[in-house]
Amino acid sequence: MNLRDLRYFVALAEHRHFGRAAASCFVSQPTLSTQIRKLEEELGVALVERAPRKVMLTPTGQQIAERARRIVADIEQMKDVARRSADPEAGSIRLGVFPTLGPYLLPHAVPLVRARFPELELLLIEEKSNVLLSRLHDGRLDAAILALPLDDEQLHTQFLFEEPFVLAVSDRHPLAAQDRLDLPALSQQKLLLLEDGHCMREQALDVCRLSGAAEHAEFRATSLETLRQMVAANVGVTLLPVLATKPPVAPSPHLHLLDFSDTRPTRRIAMVWRRSSAMHDFLLRLAEALRALPAALLDPAAPRAA
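Quick note on numbering: the sequence shown equals residues 1283 to 1588 in our numbering.
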């Protein structure tokens, strides 16, 4: 039994016609028919019921056809892995990104990647940071875009950019009369934050500790968009990463954004992958492409959506 015979049998199971199956395999009909008979002889069972102008699989033939399909598919995937390893720029990359960054970064980053690697298939997975790290370690992701710091000796970290935060308040809030404020001015505020599990919650809590601000403990949001709507309704104030305020994000009615006039709170973003990855050199080039974001996207003073 060899792979060629299994391909012939899979083709026959699909087409249910010796002539069409042979044509799909680019061989003559007698050649395909002969190899199918040899396969039946080797297995010691009939795989095909041969009738005039009609081909049917026996019950055993149907079971073996299913297994043969899986074997042929696995072989094709092995070849695809080898081909993509030889030319990763024409292969696929499974890239993870966390929810408070992905929707705001990807509209700007994906065109950069496509321009640099036009043949690359970019498979994007959005999950919380702990899930991305788990999938990265067990090989279900090739790389992930995460917030620093990361303390993991098994991972290579490639810094991408530093993203400032701005303060979002309602246009009815007393701070809406200002465009900038000092970080200590937050000490009188209660910030709306995300629920546990979001890395941005920890980043916002760090800002609270630095500024003396408190958390609005009665409410925790599941997403940045929920936070945005709560602030617009004048329920409280929150921190937004600056990418979440830039087009193509739609302007939020009744929302006012303030930059910080002294030390800006920021988060540091990196692309990470396994140190053992065979794609290391390519991933370095991919990270370089992602790092080429226009400076205005990370500047709170540049045009934004609100």
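Using N, Cα and C, we set each Cβ at its ideal position, and we do this for glycine too.
For residue i, the nearest candidate out of the options (CA to CA)
i: Leu1521; options: Pro1533, Leu1285 and Leu1539; result: Leu1539
i: Val1395; options: Leu1575, Arg1352, Glu1435 and Pro1431; result: Leu1575
i: Ser1534; options: Thr1548, Ala1552, Arg1549 and Met1512; result: Met1512
i: Ser1452; options: Asp1478, Thr1340, Pro1341 and His1536; result: His1536
i: His1455; options: Phe1399, Asn1516 and Leu1437; result: Asn1516
i: Arg1557; options: Arg1398, Leu1388 and Asp1434; result: Asp1434
i: His1297; options: Arg1398, Leu1568 and Ala1347; result: Ala1347
i: Leu1402; options: Arg1573, Phe1564, Ala1578 and Thr1504; result: Phe1564
i: Pro1341; options: Arg1349, Leu1329 and Pro1334; result: Leu1329
i: Thr1545; options: Thr1439, Arg1462 and Ser1306; result: Arg1462
i: Leu1418; options: Glu1371, Met1283, Gly1384 and Gly1378; result: Gly1378
Neighbour-count burial assignment, residue i, 16 or more Cβ in a 10 Å radius
i: Ala1584; result: exposed
i: Ala1355; result: exposed
i: Ser1469; result: exposed
i: Glu1331; result: exposed
i: Gly1301; result: exposed
i: Val1327; result: exposed
i: Phe1441; result: exposed
i: Val1292; result: buried
i: Phe1447; result: buried
i: Met1360; result: exposed
i: Glu1445; result: buried
i: Arg1352; result: exposed
i: Lys1336; result: exposed
i: Ala1295; result: buried
i: Gln1436; result: exposed
i: Met1553; result: buried
i: Leu1357; result: For the sequence presented, residue 1357 should be read as Ile rather than Leu. Classification of Ile1357: exposed, given that the 10 Å Cβ count is below 16.
Segment limits, beta strand (DSSP E) that includes residue i
i: Ala1514; result: From DSSP, Ala1514 is part of no beta strand (DSSP E) but of the alpha helix (DSSP H) over Leu1506 to Ala1514.
i: Arg1332; result: Val1330 to Ala1333
Residues bridged to residue i [DSSP beta-bridge criterion]
i: Pro1523; result: Phe1447
i: Gly1378; result: Ile1407 and Ala1426
i: Ala1574; result: Partner(s): none; Ala1574 has no beta bridge.
i: His1480; result: DSSP lists no partner for His1480.
i: Arg1556; result: Leu1437
i: Glu1323; result: None; Glu1323 has no bridge partner.
i: Ile1551; result: Ala1429 and Phe1443
i: Ser1534; result: In the DSSP output, where bridge partners are listed per residue, Ser1534 has none listed.
i: Met1338; result: Glu1331
i: Ala1368; result: Paired residue(s): none; Ala1368 is not in a bridge.
i: Leu1314; result: None, per the DSSP bridge assignment.
i: Glu1497; result: Leu1473
i: Arg1502; result: Leu1475
Segment limits, alpha helix (DSSP H) that includes residue i
i: Leu1387; result: Gly1384 to Arg1398
i: Asp1287; result: Leu1285 to His1297
i: Gly1301; result: Phe1300 to Ser1306
Coil, strand or helix - residue i by DSSP
i: Ala1402; result: The amino acid occupying residue 1402 in the given sequence is Leu; Ala does not appear at that position. The answer is coil: DSSP assigns Leu1402 none of H, G, I, E or B.
i: Leu1565; result: helix
i: His1455; result: coil
i: Phe1542; result: strand
i: Lys1472; result: strand
i: Ala1486; result: helix
i: Ala1347; result: helix
i: Ala1584; result: coil
i: Ala1355; result: helix
i: Ala1467; result: helix
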